[in-house]
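Trainee: Residue numbers (the working numbering), protein chains in the order written: chain A, 10 to 257; chain B, 84 to 312; chain C, 1026 to 1236. The C-beta atom is built at its ideal place from N, Cα and C for all residues, glycine as well. Source: prediction; values computed, not measured.
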Amino acid sequence: MWKWLHPYANPETSYHLSGRLVPWFAAVSGILLCIGLVWGLLFAPADYQQGESFRIFYIHVPSASLSMGLYLGLAIAALCGLVWQWRLADSAVAAIAPVGAVYTAIALITGAAWGKPMWGTWWVWDARLTSELILLFLYLGVIALSNAFDDKQMGGKAASILGLVGVINLPIIKYSVEWWNTLHQGATVSKLGKPAMTMDMFYPFVFCFLGFAFLAAVIICIRFRTEILARNSMRPWVRQLVSPQGGT
Amino acid sequence: MSALNLSYFAVFKLILTRDLKLALRNKDDISNPLLFFVIVVTLFPLGIGPESNTLAKIAPGVIWVAALLSSLLSLDRLFKGDHEDGSLELMLLSPYPMFIIVFAKVIAHWLLTGLPLMLIAPVLAASLHMHELSYQAMFLTLLLGTPVLSFVGAIGAALTVGVKKGGVLLSLLVLPLYIPVLIFATSAIDTAAMNLPYDGQLAIIGALLVGAVTLAPFAISSALKVSTN
Amino acid sequence: MSSLPLLSAKKLTCIREQRILFEHLDFDVYAGELWQVEGPNGAGKTSLLRLLAGLSQPYDGHVEHNGNNITDVAEEYHQSLLYLGHQVGVKAGLTAEENLSFNLALNGYDASAAEAALQEVQLLGFEDALASHLSAGQHRRISLARLWHTQAKVWILDEPFTALDKQGVAKLEALILQHIDQGGCVIMTTHQDLVLAKSRCQTLKLEYRYF
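1) Counting pairs of Cβ atoms below 8 Å between the stretch 178-193 of chain B and the stretch 255-267 of chain B, do you hit three or more?
2) Measuring CB to CB, does Val-244/B end up less than 7 Å from Ser-310/B?
3) So the alpha helix (DSSP H) Leu-207/B belongs to, where does it begin and stop?
4) Could you please give the first and the last residue of the uninterrupted beta strand (DSSP E) stretch that includes Thr-1038/C?
5) What did DSSP end up calling Ile-1095/C once you bin it into helix, strand or coil?
6) So, is the C-beta of Ile-1201/C closer than 7 Å to a C-beta in chain A?
7) Within 7 Å of any Cβ in chain A, is that where the Cβ of Pro-205/B sits?
8) Tell me the start and end of each unbroken alpha helix (DSSP H) in the stretch 250-299 of chain B that is at least 4 residues and wholly inside, in chain order.
9) Give a yes or no on whether 7 Å exceeds the smallest Cβ distance from Met-243/A to chain C.
10) Between the alpha carbons of Val-133/A and Asp-111/B, how many angstroms are there, rounded?
11) With a cut-off of 7 Å, does the C-beta of Leu-256/B fall near any C-beta of chain A?
12) What residue range is occupied by the uninterrupted beta strand (DSSP E) comprising Asp-1051/C?
13) Relative to the C-alpha of Arg-1165/C, which residue among Val-1194/C, Ile-1201/C and Gly-1150/C is closest?
14) Under 7 Å between the Cβ atoms of Gly-120/A and Ile-105/A?
15) Can you name, in chain order, every residue of its own chain whose Cβ lies under 6 Å from the Cβ of Ala-168/A, other than the five neighbours on each side?
16) By the criterion of Cβ-Cβ separation under 7 Å, what are the contact partners of Asn-312/B in chain A?
17) Along chain B, which residues have their Cβ under 8 Å away from the Cβ of Leu-1032/C?
18) Closer than 6 Å by C-beta to Gly-1086/C: which residues in its own chain qualify, once you throw out the five before and the five after it? Chain order, please.
19) With 9 Å as the C-beta to C-beta threshold (strictly closer), list the residues of the stretch 1033-1058 of chain C near chain A in chain order.
20) Can you list the residues of chain C that Arg-240/A reaches, using a CB-CB cut of under 8 Å?
21) In chain B, which residues lie with their C-beta within 7 Å of the C-beta of Ser-1081/C?
22) Below 7 Å on C-beta distance, what does Pro-178/B contact in chain C?
23) So the candidates are Leu-117/B, Ala-106/B and Asp-282/B; which of them puts its Cα closest to the Cα of Ala-220/B?
24) Assuming the contact rule is C-beta atoms closer than 8 Å, Val-31/A and Val-227/A should be a hit. Round their C-beta distance to whole Å, please.
25) In or out: Met-1026/C buried (at least 16 other Cβ within 10 Å) or exposed?
26) My output table needs one value for His-166/B: the three-state DSSP class, helix, strand or coil.
27) Grab me the residues of Gly-228/B's own chain with a C-beta within less than 7 Å of its C-beta, minus the 5 sequence neighbours each way, in chain order.
28) Straight-line CA distance for Thr-196/B to Arg-160/B?
29) Can you tell me which of the three DSSP states Tyr-1134/C falls into?
30) Ignoring anything shorter than 3 residues or poking outside the stretch 1116-1198 of chain C, list the beta strand (DSSP E) runs there in chain order.
31) When the Cα of Thr-207/A is compared with those of Thr-22/A, Ala-55/A and Leu-14/A, which residue comes out closest?
32) In three-state DSSP terms, what is Leu-1219/C?
33) Just the C-alpha distance for Ile-1040/C and Tyr-1084/C, rounded to the nearest angstrom, thanks.
34) Can you give me the C-alpha to C-alpha distance between Glu-988/C and His-1216/C, rounded to a whole angstrom?
35) Rounded to the nearest angstrom, what separates Ser-74/A and Ala-1156/C at their Cα positions?
36) If we count the other Cβ atoms within 10 Å of its Cβ and call it buried at 16 or more, is His-1090/C buried or exposed?
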């Protein structure tokens, strides 16, 4: 059933496929983000409770959701690499990790920026923010581990194992942090969750979310291509590509 | 083809006794992490001030964070010695399942680090003026929680065994995974101080223990195979 | 005599640190054969031996033992394999006898045979010496002692003659010949010229590849 995927296990084929996808993803992402950000940040109605500062929600929530989604994607790639020996999985894990880490950092920074007008401090140990912080550490661990090995293959496999261990622990960590938070914060309700949204708030949110998702896809494809080149540097097709007479 | 001589339990005992023998002949491996634990706990009154109520409030957290850190310190040598002199390869080529060998090594590690920690913790808790009702909770959380630290930490140790200067990397990898145990253990100790039942937290730590004991050895074996590649 | 090779490499490809050491290597080792892997430093001799032992995973291809992929029959293969690598696997904190009896037990043999095995390598009298007090040559002899008490058919030896004196080298060569006469096979690397076993030895040459 999956036979049509088999040619894409070849690094060269995937390299060229990703290259062809990049301009399309970039165009879609550019359009969606332009519409979504302008609509959300400038034209959508302000929240009746939080006022204009609510607008950072259009950046914070997509990047937070995507940071978790990307980690899941990383874990799935790791699983494919370890179980089915899919060679490109190592490249995929290495490509996704920094992008996910940056999205997590964006979520944290925008979360802090959102928190300042609401709670008066730059950082609160809110359950979601704390979970995002721990997710950042998990991402940084995967990146650090894969860079610690000289042999990229070994590094990729080690990072894959860590990614899988992390994804299994992630729900446990999130649950325990939420529980810890209710223990210590009592009746304070987190406003960083998805509030009740009217339609004219929902649409810009969807545009922003999809725009950020495609942006992540663009960057991951570019990184994926780079990782393929780095891991296959000894192959003739790579040497031909980077030689002066080579193509794009 | 000769039938394998030993039962799984005998293999477990073989590895366990070897690791314990090695550690007892080189007592530094046991005493250093323990001393570290004591020193770290001592730093807190020095840094925060000796006021009794403050210390009593932070005591559970301090004890547990110090336990995490000294567990990390001792994890580095779990596989490094065997990796450096080739014993790890011998174990990987053994006809017996790697699961048992790894299981035995981690249990040996716990007996040499977690257990002494558990025994000395009450003394340190007293120095931090911990609430009387919390002692039993502290003991039980350490009993159930320190093996989790050993098993989960061993995954990180296995992943970094071939990395030069892997000690700091090990901390970065393992500390986020320790957070659930920390949260539930300190909560149990705090709840006990209020004279409330803390079975729920203990049950969750127990569940984490069961999960770690059954699943971690697989991750550890895979990681060791990758590291000796 | 089975017609299947005891050990068989099928299209073995090894890539280390983004450098291809060898690609699509096919070769068979039958019972009664002695193979020496030759090549300059960095050509991949140790990597090849580790791949054959199953310690490393190849980038492509696989290794077969009696026609079965070694990853499928790992337990059986580990019972019929004896691998001696660069590192001797001797723990400084244990005595010579403790080291050897641990190694024997870990491979499914009777641990009490350790003392007799130590005698074969002229270490009788040193059984209770901590390995930290013994020399590198003595460490190597402890790890070699296993060869005199094994039922493994496939021997993979990486530089087994290191730190041995002339007498020790001769004794080991005689043992290797005896092993292949009894239907086992030996794959080894060595920098030394073989004396006794030279006539029976076949060579696999690995070349250094720049990319």
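Mentor: Well, looking at it:
1) no
2) Residue numbering aside, residue 244/B sits at position 161 when the second sequence is read from its first letter. Residue numbering aside, residue 310/B sits at position 227 when the second sequence is read from its first letter. Yes, Cβ-Cβ distance for Val-244/B and Ser-310/B is below 7 Å.
3) For the purposes of this step, residue 207/B is identified with residue 124 of the second sequence, where counting begins at 1. Its alpha helix (DSSP H) spans residues 197-210.
4) Locating residue 1038/C in the third sequence gives position 13, where the first residue counts as 1. It spans 1032-1041 - the beta strand (DSSP E) in which Thr-1038/C sits, taken as one unbroken run.
5) The residue labelled residue 1095/C in the question sits at position 70 within the third sequence. In the structure shown, Ile-1095/C sits in coil (DSSP, three-state: anything other than H, G, I, E or B).
6) Position 176 of the third sequence, counted from the start, is the residue given in the question as residue 1201/C. Answer no: the Cβ-Cβ gap between Ile-1201/C and chain A never drops below 7 Å.
7) As a working mapping, residue 205/B is identified with position 122 in the second sequence. No, its Cβ sits nowhere closer than 7 Å to a Cβ of chain A.
8) none
9) Residue 243/A sits at position 234 when you count from the first residue of the first sequence. So, interface residue.
10) The count along the first sequence starts at 1 and reaches residue 133/A at position 124. The count along the second sequence starts at 1 and reaches residue 111/B at position 28. Using only the alpha carbons, I get a separation of about 42 Å.
11) Here the question's residue 256/B lines up with position 173 in the second sequence. Chain A contact via Cβ: present.
12) For the purposes of this step, residue 1051/C is identified with residue 26 of the third sequence, where counting begins at 1. 1044-1054 is the extent of the beta strand (DSSP E) around Asp-1051/C.
13) Position 140 of the third sequence, counted from the first residue, corresponds to residue 1165/C. Closest in C-alpha terms to Arg-1165/C, from the list Val-1194/C, Ile-1201/C and Gly-1150/C, comes Val-1194/C.
14) Your numbering for residue 120/A matches position 111 in the first sequence. Your numbering for residue 105/A matches position 96 in the first sequence. In this structure, Ile-105/A does not lie closer than 7 Å to Gly-120/A by Cβ.
15) On the first sequence, residue 168/A is found 159 positions in, with the first residue counted as 1. Counting only Cβ-Cβ distances below 6 Å, and skipping sequence neighbours, we find Val-102, Val-151, Leu-154 and Ser-155.
16) The count along the second sequence starts at 1 and reaches residue 312/B at position 229. Per Cβ cutoff of 7 Å: Met-163.
17) In the third sequence, residue 1032/C corresponds to position 7, counting from 1. Those within 8 Å of Leu-1032/C in chain B number zero; the least Cβ separation is about 14 Å.
18) Start at 1 with the first residue of the third sequence, and residue 1086/C comes out as number 61. Taken in chain order, the residues that qualify are Lys-1035, Lys-1036, Leu-1037 and Thr-1038.
19) Ile-1040, Arg-1041, Glu-1042, Gln-1043, Arg-1044 and Ile-1045
20) Taking the first sequence and counting its residues from 1, one reaches residue 240/A at position 231. The answer, in chain order, is Gln-1043.
21) Within the third sequence, numbered from 1, the residue matching residue 1081/C stands at position 56. Those within 7 Å of Ser-1081/C in chain B are Asn-312.
22) Taking the second sequence and counting its residues from 1, the one referred to as residue 178/B is at position 95. Here the neighbours are Glu-1100, His-1103, Gln-1104, Asn-1132 and Gly-1133.
23) For this step, residue 220/B is matched to residue 137 along the second sequence. It is Asp-282/B whose Cα lies nearest to the Cα of Ala-220/B.
24) Counting from one through the first sequence, the residue named residue 31/A turns up at place 22. Counting from one through the first sequence, the residue named residue 227/A turns up at place 218. Yes, Val-31/A and Val-227/A are in contact; Cβ-Cβ is about 6 Å, under 8 Å.
25) Along the third sequence, read from residue 1 onward, the residue named residue 1026/C stands at position 1. Low local confidence applies: a pLDDT of 48 at Met-1026/C is under 50, so the model's placement there is unreliable, with the coordinate-based value given in what follows. When all chains shown are included, Met-1026/C counts as exposed.
26) Here the question's residue 166/B lines up with position 83 in the second sequence. In the structure shown, His-166/B sits in a helix (DSSP, three-state: H, G or I).
27) Position 145 of the second sequence, counting from 1, holds the residue named residue 228/B. Taken in chain order, the residues that qualify are Val-264, Ala-268 and Ile-288.
28) For this step, residue 196/B is matched to residue 113 along the second sequence. For this step, residue 160/B is matched to residue 77 along the second sequence. Near 12 Å, if we compare the C-alpha coordinates of Arg-160/B and Thr-196/B.
29) As a working mapping, residue 1134/C is identified with position 109 in the third sequence. Three-state DSSP puts Tyr-1134/C in coil, outside helix and strand.
30) 1179-1183
31) For the purposes of this step, residue 207/A is taken as residue 198 along the first sequence, with counting starting at 1. For Thr-207/A, the nearest C-alpha among the options comes from Ala-55/A.
32) By 1-based counting over the third sequence, the position of residue 1219/C is 194. Looking at Leu-1219/C - three-state DSSP - the assignment turns out to be coil, as it is neither helix nor strand.
33) Sequence index remark: in the third sequence, residue 1040/C carries index 15 (1-based). Sequence index remark: in the third sequence, residue 1084/C carries index 59 (1-based). Take the alpha-carbon of Ile-1040/C and the one of Tyr-1084/C: they are about 6 Å apart.
34) Limits of chain C in this structure are 1026 at one end and 1236 at the other, which puts residue 988/C out of reach.
35) Counted from its first residue, the first sequence places residue 74/A at position 65. Counted from its first residue, the third sequence places residue 1156/C at position 131. Approximately 57 Å between the Cα atoms of the pair.
36) In the third sequence, counting from the first residue as 1, residue 1090/C sits at position 65. Result: buried.
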